[in-house]
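A.B. asks: Quick note: the sequence shown uses the working numbering, first residue 10, plus one each step.
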Amino acid sequence: MNIYIEFCYLAASILFVFGLKGLTHPDSARRGMLLAAAGMTTLAGHPPADAAAWVLVLIGLAAGGGVGAVIARRVPMTAMPERTALSHAFGALAAALVGIAEYANHGARMGELKVGALGFEIMLGCLTFTGSLIAFGKLYGAIKGMPITFKGQNVFNMTLLAVMIGCFLYLLYDASAALAFYIMMTLAFCFGVLLVIPIGAADMPVVMSLLNSYAGLAAAATGFVLGNNVLIIAGTLDGFSGFILSVLMCRAMNRSMKNVLFGAFGAVSETAVGAATGTMREVSLEDVATQLAYAKQVVFVPGYGMATAQAQYAVRELANLLEGRGVGVKFGIHPVAGRMPGHMNVLLAEANVPYSLLYEMDQINPDLPQTDVAVVIGANDVVNPDARDNPRSPIAGMPIIEVDRAKSVVVLKRGKGKGFSGLENPLFFKPVTGMLYGDAKSSLTSLAQAVQEV
Ligand code: NAP
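1) In this structure, how does DSSP classify Gly134 when only helix, strand and coil are distinguished?
2) Can you check which of these residues, Ser430, Val76, Ser185 and Ile208, is closest to Gly140 by C-alpha distance?
3) If I follow the unbroken beta strand (DSSP E) through Tyr368, where does it start and stop?
4) Indicate the three-state DSSP secondary structure (helix, strand or coil) for Thr442 in the structure shown.
5) Do Ile131 and Gly108 have their C-beta atoms closer together than 7 angstroms?
6) Going by DSSP, what residues sit across from Ile386 in a beta bridge?
7) Taking the C-alpha atoms as reference points, what is the distance between Ile68 and Ala230?
8) Less than 7 angstroms between the beta carbons of Gly347 and Ala316, yes or no?
9) At the level of alpha carbons, what is the spacing between Ala94 and Gly100?
10) Where do the ends of the alpha helix (DSSP H) carrying Gly154 lie?
11) By Cβ distance, which residues of its chain are closer than 6 angstroms to Met213, with the 5 residues on each side in sequence left out?
12) Quick check on the DSSP output: the beta strand (DSSP E) that includes Phe340 runs from which residue to which?
13) Going by the DSSP bridge assignment, what does Gln306 pair with across the sheet?
14) If you compare alpha carbons, which of Leu235, Val256, Phe429 and Leu122 is closest to Tyr182?
15) Which two residues bound the contiguous alpha helix (DSSP H) that contains Glu15?
16) Given this structure, state the Cα-to-Cα distance separating Phe429 from Ile404, to the nearest angstrom.
17) Run through the segment 47-109 for me and flag every whole beta strand (DSSP E) of 3 or more residues, listed as ranges in chain order.
18) Cβ atoms of Gly41 and Leu24: under 7 angstroms apart, would you say?
19) Determine the DSSP secondary structure at Glu472, reduced to helix, strand or coil.
20) Determine the extent of the alpha helix (DSSP H) in which Tyr223 is found, giving its start and end residues.
21) Could you check if Phe429 belongs to the surroundings of the ligand NAP, using beta carbon to heavy atom distance under 6 angstroms?
22) Quick check: does the Cβ of Asn166 come within less than 6 angstroms of any heavy atom belonging to the ligand NAP?
23) When the distance is taken between beta carbons, is Leu226 closer than 7 angstroms to Leu133?
Structural data, given as structure tokens:
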């Protein structure tokens, strides 16, 4: 039986690795998800101890699978960040609950190594649970999105952290000290809240990916406590991939992890240095339709506004029409456009825009000088030339899609609203740029009609 179980664990681990590999490209992402899910199913090959345990496992599978299926059907793509925050919260809670049950059953008899792993599991699991719930609240709008700070916050947090670690060290010395265990657990729940409230809502994707990494490490620690190899492997894969993703997101914004976690970015938005001035040139729908209809090459650059407007179907429609007229169409995708990694790819895939039309930032930038019209759809920061040209700008150094190098730029946005960074965008004041005001979805729908009439 042992060999059979070990074989299931090995198969699951291999499937997880191939699943992760699949997630590295939109083309193979769906297959990657299926492989990872197959890996989880393989784990069910581990036979429960007795009939009662079987019943519990089946109830768990049905309840978890049922809730997952409802969420997958009901939650729209734009609410994916909130959904992800909730699933991290529950994953971390599951790891913490296993640890609490393990301590209640065997705590007093545990050796140092096991108590050490258990301590990590409880601290990371509990703080990830509450931290992810706060992240969910901020993204959903149930909690104020601005950073919540108070006087002496850092000292308070550090003291709480020190007491929590003190309890953990005491447990290493005396595993039967149940009071130390439960104080450590309670403080970890509190620490999760304190860790996330000072961070602005817009930085939640980075925070969530970091919390995901903690949840993975908590699962790996659970593996050590239970002596379960596959949990160690899956938890470590999860932990490190989450960490790498957080680092990549920070790099794409040209910000340090410290700045994201402690910089209260959403609160310092008005610190623009050398803000752009001048007048914005408004263009008419007919003018833009004519430009598009007679262009050789058009590049669409979507951003957060496309997601809020749910304009992905309308842009696909317009792209089809243009292609039908012989216009070359491409989509330029910035790695942090929107509010979560892959946000634009997911929305455009939902609208069946072929992957072959999607170009990453480094691929599309050399094409822009030969582009007749660059159409910016609700993007702002990711096309802000100040990041490239103004070393005093707070976003200086952030790589951008250089739409201002195109022969003509059309920006679709509702009004004079700023982007996530809160900075003015000099692109909107350049002579090459025309502003087409309105909700992105209705502008694109009207453009499609107007192009047909050209
Ligand atoms: P953005 O800078 O947030 O700008 C979005 C623009 O869309 C706004 O200027 C807004 O202007 C417009 N807009 C909003 N609703 C609209 C609608 N219904 N129709 C048309 N326009 C609409 O977006 P971005 O250029 O995509 O940049 C993303 C930002 O998020 C970056 O600063 C990035 O660093 C940050 N971020 C991203 C991630 C990630 O993983 N993707 C993670 C953390 C932070 P109006 O109000 O005038 O319409």
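Don't be surprised by glycine CBs; every beta carbon is placed ideally from N, CA and C.
C.D. replies: Once the coordinates are examined:
1) As a first step, residue 134 must be located in the sequence shown, where it is residue number 125. For Gly134, the secondary structure class from DSSP, reduced to helix, strand or coil, is helix.
2) As a working mapping, residue 140 is identified with position 131 in the sequence shown. For Gly140, the nearest C-alpha among the options comes from Ile208.
3) Taking the first residue of the sequence shown as 1, we reach residue 368 at position 359. Note, Tyr368: beta strand (DSSP E), Leu367 to Glu369.
4) Looking up residue 442 in the sequence shown gives position 433. Strand, per DSSP.
5) Taking the first residue of the sequence shown as position 1, residue 131 is located at position 122. Taking the first residue of the sequence shown as position 1, residue 108 is located at position 99. If you check the CB distance, Ile131 and Gly108 come in under 7 angstroms.
6) As a first step, residue 386 must be located in the sequence shown, where it is residue number 377. Listed as beta-bridge partners of Ile386 by DSSP are Pro311 and Leu421.
7) Here the question's residue 68 lines up with position 59 in the sequence shown. Here the question's residue 230 lines up with position 221 in the sequence shown. Looking at the two C-alpha atoms, the distance is approximately 25 angstroms.
8) For the purposes of this step, residue 347 is taken as the residue at position 338 of the sequence shown. For the purposes of this step, residue 316 is taken as the residue at position 307 of the sequence shown. Going by C-beta atoms, Gly347 is nearer than 7 angstroms to Ala316.
9) Here residue 94 is taken as the residue at index 85 of the sequence shown, counted from 1. Here residue 100 is taken as the residue at index 91 of the sequence shown, counted from 1. Going by the C-alpha atoms only, they are around 10 angstroms apart.
10) Taking the first residue of the sequence shown as position 1, residue 154 is located at position 145. That residue, Gly154, is in no alpha helix (DSSP H); it is neither H nor E in DSSP.
11) Residue numbering aside, residue 213 sits at position 204 when the sequence shown is read from its first letter. Here the set comprises Ala144, Lys147 and Leu148.
12) Translated into the one-based positions of the sequence shown, residue 340 becomes position 331. It spans Gly337 to Ile342 - the beta strand (DSSP E) in which Phe340 sits, taken as one unbroken run.
13) For the purposes of this step, residue 306 is taken as residue 297 along the sequence shown, with counting starting at 1. When DSSP reads this structure, Gln306 sits in a beta bridge with Gly337.
14) Counted from its first residue, the sequence shown places residue 182 at position 173. Comparing Cα positions, the closest option is Leu122.
15) For the purposes of this step, residue 15 is taken as residue 6 along the sequence shown, with counting starting at 1. Per DSSP, Glu15 belongs to the alpha helix (DSSP H) from Asn11 to Gly31.
16) Position 420 of the sequence shown, counting from 1, holds the residue named residue 429. Position 395 of the sequence shown, counting from 1, holds the residue named residue 404. About 11 angstroms.
17) For the segment 47-109, not a single whole beta strand (DSSP E) run of length 3 or above is found.
18) Position 15 of the sequence shown holds residue 24. Position 32 of the sequence shown holds residue 41. Result no, Cβ atoms of Leu24 and Gly41 do not sit closer than 7 angstroms.
19) The first residue shown for the chain is 10 and the last is 463, placing residue 472 beyond what the model contains.
20) Locating residue 223 in the sequence shown gives position 214, where the first residue counts as 1. Segment Met213 to Leu235, the alpha helix (DSSP H) holding Tyr223.
21) Counting from one through the sequence shown, the residue named residue 429 turns up at place 420. Phe429 Cβ: within cutoff of the ligand NAP.
22) Residue numbering aside, residue 166 sits at position 157 when the sequence shown is read from its first letter. Not under cutoff, so the answer is no.
23) Residue 133 sits at position 124 when you count from the first residue of the sequence shown. Residue 226 sits at position 217 when you count from the first residue of the sequence shown. For Leu133 and Leu226, yes; Cβs fall inside 7 angstroms.
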